[in-house]
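**Q** Below: one structure in structure tokens.
Protein chains: 2
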Amino acid sequence: MPEPSTPASARPQGRIAGPVLVVGAGLIGTSVALALGAAGHEVWLADASPENVRTASGLGAGTPVPPGREGDVALAVVAVPPDALGAVVSSTLLAHPAAVVTDVGSVKVQPLRAVLAGPAADEAARYVGSHPMAGSERSGPLAASASLFQGRPWAVTPHADADVDAVETVEDVVRVCGATPVWLTPEEHDRAVARTSHVPHLLASLVAGRLAEAPEQHLSLSGQGVRDVTRVASGDPALYGQIVAGNADAVLALLGEVRGELDRVIAAIGGGDRGGLEAVLARGVDGTRAIPAKHGGPARAMSSVWVSVPDTPGELARLFADAVASGVNIEDIRIDHDPGRPTGLVELVVDARRSEHLLVSLEERSWVTHR
Amino acid sequence: MPEPSTPASARPQGRIAGPVLVVGAGLIGTSVALALGAAGHEVWLADASPENVRTASGLGAGTPVPPGREGDVALAVVAVPPDALGAVVSSTLLAHPAAVVTDVGSVKVQPLRAVLAGPAADEAARYVGSHPMAGSERSGPLAASASLFQGRPWAVTPHADADVDAVETVEDVVRVCGATPVWLTPEEHDRAVARTSHVPHLLASLVAGRLAEAPEQHLSLSGQGVRDVTRVASGDPALYGQIVAGNADAVLALLGEVRGELDRVIAAIGGGDRGGLEAVLARGVDGTRAIPAKHGGPARAMSSVWVSVPDTPGELARLFADAVASGVNIEDIRIDHDPGRPTGLVELVVDARRSEHLLVSLEERSWVTHR
Numbered sequence: 001m002p003e004p005s006t007p008a009s010a011r012p013q014g015r016i017a018g019p020v021l022v023v024g025a026g027l028i029g030t031s032v033a034l035a036l037g038a039a040g041h042e043v044w045l046a047d048a049s050p051e052n053v054r055t056a057s058g059l060g061a062g063t064p065v066p067p068g069r070e071g072d073v074a075l076a077v078v079a080v081p082p083d084a085l086g087a088v089v090s091s092t093l094l095a096h097p098a099a100v101v102t103d104v105g106s107v108k109v110q111p112l113r114a115v116l117a118g119p120a121a122d123e124a125a126r127y128v129g130s131h132p133m134a135g136s137e138r139s140g141p142l143a144a145s146a147s148l149f150q151g152r153p154w155a156v157t158p159h160a161d162a163d164v165d166a167v168e169t170v171e172d173v174v175r176v177c178g179a180t181p182v183w184l185t186p187e188e189h190d191r192a193v194a195r196t197s198h199v200p201h202l203l204a205s206l207v208a209g210r211l212a213e214a215p216e217q218h219l220s221l222s223g224q225g226v227r228d229v230t231r232v233a234s235g236d237p238a239l240y241g242q243i244v245a246g247n248a249d250a251v252l253a254l255l256g257e258v259r260g261e262l263d264r265v266i267a268a269i270g271g272g273d274r275g276g277l278e279a280v281l282a283r284g285v286d287g288t289r290a291i292p293a294k295h296g297g298p299a300r301a302m303s304s305v306w307v308s309v310p311d312t313p314g315e316l317a318r319l320f321a322d323a324v325a326s327g328v329n330i331e332d333i334r335i336d337h338d339p340g341r342p343t344g345l346v347e348l349v350v351d352a353r354r355s356e357h358l359l360v361s362l363e364e365r366s367w368v369t370h371r
Numbered sequence: 001m002p003e004p005s006t007p008a009s010a011r012p013q014g015r016i017a018g019p020v021l022v023v024g025a026g027l028i029g030t031s032v033a034l035a036l037g038a039a040g041h042e043v044w045l046a047d048a049s050p051e052n053v054r055t056a057s058g059l060g061a062g063t064p065v066p067p068g069r070e071g072d073v074a075l076a077v078v079a080v081p082p083d084a085l086g087a088v089v090s091s092t093l094l095a096h097p098a099a100v101v102t103d104v105g106s107v108k109v110q111p112l113r114a115v116l117a118g119p120a121a122d123e124a125a126r127y128v129g130s131h132p133m134a135g136s137e138r139s140g141p142l143a144a145s146a147s148l149f150q151g152r153p154w155a156v157t158p159h160a161d162a163d164v165d166a167v168e169t170v171e172d173v174v175r176v177c178g179a180t181p182v183w184l185t186p187e188e189h190d191r192a193v194a195r196t197s198h199v200p201h202l203l204a205s206l207v208a209g210r211l212a213e214a215p216e217q218h219l220s221l222s223g224q225g226v227r228d229v230t231r232v233a234s235g236d237p238a239l240y241g242q243i244v245a246g247n248a249d250a251v252l253a254l255l256g257e258v259r260g261e262l263d264r265v266i267a268a269i270g271g272g273d274r275g276g277l278e279a280v281l282a283r284g285v286d287g288t289r290a291i292p293a294k295h296g297g298p299a300r301a302m303s304s305v306w307v308s309v310p311d312t313p314g315e316l317a318r319l320f321a322d323a324v325a326s327g328v329n330i331e332d333i334r335i336d337h338d339p340g341r342p343t344g345l346v347e348l349v350v351d352a353r354r355s356e357h358l359l360v361s362l363e364e365r366s367w368v369t370h371r
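Protein chains in written order, with the UniProt record's numbering: chain A, 1 to 371; chain B, 1 to 371.
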């Protein structure tokens, strides 16, 4: 009898060249495992809680690491709470010397610093942080789904000394999960999520806190608005405490702005300054319009900017940082590198209306571009 | 040939004893008109904008007031922006001397004060304010729907000298529209909506304001959370400016609390006080759990508390105020009054587990209850 062949649709493609280890079989880790498994990858699971591994295995997300095969792991995805990220990424780099390691944590600078200052500092080129913008009010492996990341943004945040191969492997993970990679430096990522996630969560908690001891009659007037505003505030306080504390600087900078604006609102209402009050409300309207449309919206014309990048450590990261500093959103990055050549060619895909600005901006920073 | 008979399903029932006039044919006014018309009531429309009346009429919401029939209006529903409420309620009371007048505005104390201090003060017994907790990001008559209020709370806020008949007529409007009446004093209503609507809106605007000038890369990480938190902030700044300014005292009291809590959050994050941060987040979780379930939830056992109420002005309002002060949520009120008797019997329907507390509380305030 012939051996059963892997169906074409389930044959893994791309750069993930062997078994995948998911460390932390909660909601996010198990969902990544399910998505990678569905794409034909062999997936192994580890978790401090044997119960989580049993549950995730039962869902078909993978199996425990077969004894003696630690060295075979080609890719490890660390999906543990923020406080543990630095230590677990470090130990994963050391335990799996052939593996590219990524994490899916909500903050990026703090774990990177911990890795670079820790026992696996010499292995850090294999580490590229990332962060899928997906979740659920539910948690744990039972809430997991292979489609959790479909169509969602997923930040990829290479550090200055990351291997190009590692960066591309992580991009593969993002695409296999059906998500859209968003390229950011770790620092810029943390500022971005302070604005789009951490500060909104904290203010939702302040609104919800006002309801906690409200008279029952007050609550009976709750409409859809207050339900929407406070929904995120139902998340686990211990987990969100870790996330916010792990991004303290960026969060504090924005909370300072919020406090100043709150003082202006209080002064405007107290002083009968209708214009001042409306200005704050109008700025809020502008903000709601600034959020990108969720499902596509009108398709935008894209164009590619080509840049020569010396194949030495840190250069690709310097290009990322300079592209980010230009203020142009990078929609896609393709890296064409040939180990035999001293430079690689990097293709940055951006909104066509912004490509000239990006070219000029990179040229001013001494990059060699190709028009 | 026999005259066509009104089908039973469209024959108006209850206390609305003649044509209904809706003043202000925007989203809310036109939706009320559609719901009352669907219940078989004759509906007339008025609006400062003839265009709105034409549009609403075209949707089948009603017709302009037939010339010379102003005196026939049995019920007028005033649905104009907050700044205009007091003046329009007053002029409506004077123009339609047989009508019960209600309004559907978002604040209740300010327009009541304007009516009591205005040219229609002597007619104020026919005025009972109300407030449906329903709306839409859209506005204007084209967004209207007869089902806008289905299953929503609708505050009814009688003032101290309101006629019992007027109160019951307004309760009929609420039920005809498919909403659930929530009984509150005007003052308590305004404190309730500051908490469940106005302050959530203002904080959503502060969150959204941080997005207005954010780098494009930051916004590309926007997930469902920030969309939910900021959705209400897309509302018309001029309208919400009127609402917030019209409820300044209650809003300022809560914003003062929010500011104090924000200072504590900033201190906790800046000082590495994880416990303090988690306490604020945990209080937010409690708040999200305090919001009543939207669709029923488990049916609760109800019980009725009967109270004798002297049939003199102000007594029914005093009972409302004392019931509210007891902290027990009043689910329904039924008034059994016979013009020939010096006292009426009022039935207060409450959660069965709370009825004893309400009885004791009312007896302490010298009400005659019937067990």
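Quick reminder that beta carbons are idealized off the backbone N, C-alpha and C, glycines included. No experiment lies behind these values; they were computed from the predicted model shown.
1. Taking 8 Å as the CB-CB cut-off, is Y240 of chain B touching chain A?
2. Could you tell me which residues DSSP pairs with A76 of chain B in its beta bridges?
3. Quick one: which chain B residues come within Cβ less than 8 Å of R175 of chain A?
4. What in chain B is Cβ-close to S234 of chain A, meaning under 7 Å?
5. With a threshold of 16 other CB atoms inside 10 Å of the CB of G272 of chain B, please say whether the residue is buried or exposed.
6. Would you kindly check if the distance between the Cβ of A79 of chain B and the Cβ of V104 of chain B is under 8 Å?
7. From the DSSP output, in three-state form, read off A155 of chain A for me.
8. Can you give me the start and stop residues for the beta strand (DSSP E) that P132 of chain B sits inside?
9. Name the DSSP beta bridge partners of L45 of chain B, please?
10. With a threshold of 16 other CB atoms inside 10 Å of the CB of H370 of chain A, please say whether the residue is buried or exposed.
11. Leaving out five residues on either side along the sequence, give the residues of the same chain with a beta carbon under 7 Å from the beta carbon of V328 of chain A.
12. With a threshold of 8 Å between beta-carbons, can L348 of chain A be considered close to chain B, or not?
13. Name, in chain order, the residues that DSSP records as bridge partners for S303 of chain A.
14. Starting from the beta carbon of R274 of chain A, find every residue of chain B whose beta carbon is closer than 7 Å, and list them in chain order.
15. Taking all protein chains shown into account, decide if V368 of chain B is buried (16 or more other Cβ within 10 angstroms of its Cβ) or exposed.
16. Restricting to Cα atoms, I'd like to know which of A:G151, A:L348, A:H218 and A:D172 is closest to S304 of chain A.
17. Please classify H96 of chain A: does DSSP put it in a helix, a strand, or coil?
18. Leaving out the 5 sequence neighbours to the left and right, which residues in its chain are closer than 8 Å to E364 of chain A when beta-carbon positions are compared?
19. Which residues of chain A have a Cβ atom closer than 7 Å to the Cβ of S130 of chain B, listed in chain order?
20. Determine, using beta carbons only, whether residue 374 of chain B comes closer than 8 Å to chain A.
21. Does any residue of chain B have a CB that is nearer than 8 Å to the CB of N329 of chain A?
22. Nearest chain B C-beta to P237 of chain A closer than 8 Å, yes or no?
23. Between H198 of chain B and H131 of chain B, how many whole angstroms is the CB-CB distance? I'm expecting something under 8 Å.
24. Return the chain-ordered ranges of every beta strand (DSSP E) run that is complete within the stretch 170-251 of chain B and spans a minimum of 3 residues.
25. Report yes or no: is there a C-beta of chain A within less than 8 Å of the C-beta of D190 of chain B?
26. Let me know if residue 377 of chain B comes out buried or exposed under the rule of 16 or more other beta-carbons within 10 Å of its beta-carbon.
27. Contact check, V22 of chain A vs L45 of chain A under 8 Å by CB: the rounded distance?
28. Quick one: list the residues of chain B neighbouring P67 of chain A, beta-carbon separation under 8 Å, in chain order.
29. Return yes when the C-beta of D263 of chain B is under 7 Å from any heavy atom of the ligand ATP, and no when it is not.
30. I need the straight-line Cα distance from G151 of chain A to A134 of chain A, nearest angstrom please.
31. Contact criterion: CB-CB distance below 8 Å. Does residue 379 of chain A meet it with respect to chain B?
32. Using a Cβ cut-off of 9 Å, which residues of the stretch 30-43 of chain A contact any Cβ in chain B, in chain order?
33. Could you check whether V346 of chain B and I333 of chain B sit closer than 8 Å to each other, using their CB atoms as the reference points?
34. Report buried or exposed for E213 of chain A, applying the criterion of at least 16 other Cβ atoms within 10 angstroms of its Cβ.
35. With 8 Å as the threshold, decide whether the Cβ of T102 of chain A is near any Cβ in chain B.
36. Would you say the stretch 232-252 of chain B touches the stretch 198-208 of chain B, given that touching needs at least three Cβ pairs under 8 Å?
**A** Checking against the coordinates, here is how it stands:
1. By one-based count along the second sequence, residue 240 of chain B stands at place 240. True, the Cβ-Cβ gap to chain A drops below 8 Å.
2. The residue given as residue 76 of chain B occupies position 76 in the second sequence. Paired residue(s): B:L21 and B:V101.
3. Reading the first sequence from its first residue, position 175 is the one you call residue 175 of chain A. Result: empty, since nearest Cβ-Cβ is about 16 Å, beyond 8 Å.
4. Against the first sequence, residue 234 of chain A aligns to sequence position 234. In chain order: V285 and T288.
5. Within the second sequence, the letter at position 272 stands for residue 272 of chain B. So G272 of chain B counts as exposed.
6. Along the second sequence, read from residue 1 onward, the residue named residue 104 of chain B stands at position 104. Along the second sequence, read from residue 1 onward, the residue named residue 79 of chain B stands at position 79. Yes.
7. One-based indexing of the first sequence puts residue 155 of chain A at position 155. Three-state DSSP puts A155 of chain A in a strand.
8. Stepping through the second sequence from its first residue, residue 132 of chain B is reached at position 132. First-last of the beta strand (DSSP E) with P132 of chain B: G129 to P132.
9. Within the second sequence, numbered from 1, the residue matching residue 45 of chain B stands at position 45. According to DSSP, which records beta bridges pairwise, L45 of chain B is partnered with B:V22 and B:P64.
10. Position 370 of the first sequence holds residue 370 of chain A. It is exposed - the Cβ of H370 of chain A has fewer than 16 other Cβ atoms within 10 Å.
11. Position 328 of the first sequence, counting from 1, holds the residue named residue 328 of chain A. Here the set comprises V350, R354, H357 and L358.
12. Here the question's residue 348 of chain A lines up with position 348 in the first sequence. It does not; no Cβ of chain B falls within 8 Å.
13. The residue you call residue 303 of chain A lines up with position 303 of the first sequence. Answer is A:V350.
14. Locating residue 274 of chain A in the first sequence gives position 274, counting from the first residue. Near R274 of chain A (Cβ distances below 7 Å), the residues of chain B are G241 and A245.
15. Translated into positions along the second sequence, residue 368 of chain B becomes position 368. When all chains shown are included, V368 of chain B counts as exposed.
16. Here the question's residue 304 of chain A lines up with position 304 in the first sequence. Comparing Cα-Cα distances from S304 of chain A to each of A:G151, A:L348, A:H218 and A:D172, the minimum goes to A:L348.
17. Walking along the first sequence from the start, residue 96 of chain A turns up at place 96. The answer is coil: DSSP assigns H96 of chain A none of H, G, I, E or B.
18. Here residue 364 of chain A refers to the residue found at position 364 of the first sequence. Answer for E364 of chain A: no residue qualifies.
19. Taking the second sequence and counting its residues from 1, the one referred to as residue 130 of chain B is at position 130. Result: empty, since nearest Cβ-Cβ is about 12 Å, beyond 7 Å.
20. Outside the modelled stretch of chain B, which goes from 1 to 371, sits residue 374 of chain B, for which no answer is possible.
21. Looking up residue 329 of chain A in the first sequence gives position 329. For N329 of chain A, the answer is yes, since a Cβ of chain B falls inside 8 Å of its Cβ.
22. Along the first sequence, one-based indexing puts residue 237 of chain A at 237. Interface annotation, P237 of chain A: in contact with chain B, CB-CB separation under 8 Å.
23. As a first step, residue 198 of chain B must be located in the second sequence, where it is residue number 198. As a first step, residue 131 of chain B must be located in the second sequence, where it is residue number 131. With 8 Å as the limit, H198 of chain B and H131 of chain B do not qualify as a contact, their Cβ atoms being about 12 Å apart.
24. Here the runs fully enclosed are 180-183.
25. As a working mapping, residue 190 of chain B is identified with position 190 in the second sequence. No, D190 of chain B lies away from the interface with chain A (no Cβ there is under 8 Å from its Cβ).
26. The shown model of chain B, from 1 to 371, leaves out residue 377 of chain B, and the question about it has no answer.
27. Mapped onto the first sequence, residue 22 of chain A falls at position 22. Mapped onto the first sequence, residue 45 of chain A falls at position 45. Right, the Cβ-Cβ distance comes to about 5 Å (below 8 Å), so this counts as a contact.
28. Translated into the one-based positions of the first sequence, residue 67 of chain A becomes position 67. Within 8 Å Cβ-Cβ: nothing; P67 of chain A doesn't reach chain B, min ~38 Å.
29. By its list of ligands, the structure shown contains no ligand whatsoever, and the ligand ATP lies outside what it can speak to.
30. Counting from 1 along the first sequence, the entry for residue 151 of chain A is found at position 151. Counting from 1 along the first sequence, the entry for residue 134 of chain A is found at position 134. Their Cα atoms are separated by approximately 10 Å.
31. What is shown of chain A runs 1 to 371, which leaves residue 379 of chain A out entirely.
32. none
33. One-based indexing of the second sequence puts residue 333 of chain B at position 333. One-based indexing of the second sequence puts residue 346 of chain B at position 346. Yes, they are a contact pair.
34. Here residue 213 of chain A refers to the residue found at position 213 of the first sequence. Flag for E213 of chain A reads exposed.
35. Within the first sequence, numbered from 1, the residue matching residue 102 of chain A stands at position 102. No - not a single Cβ of chain B is within 8 Å of the one on T102 of chain A.
36. yes
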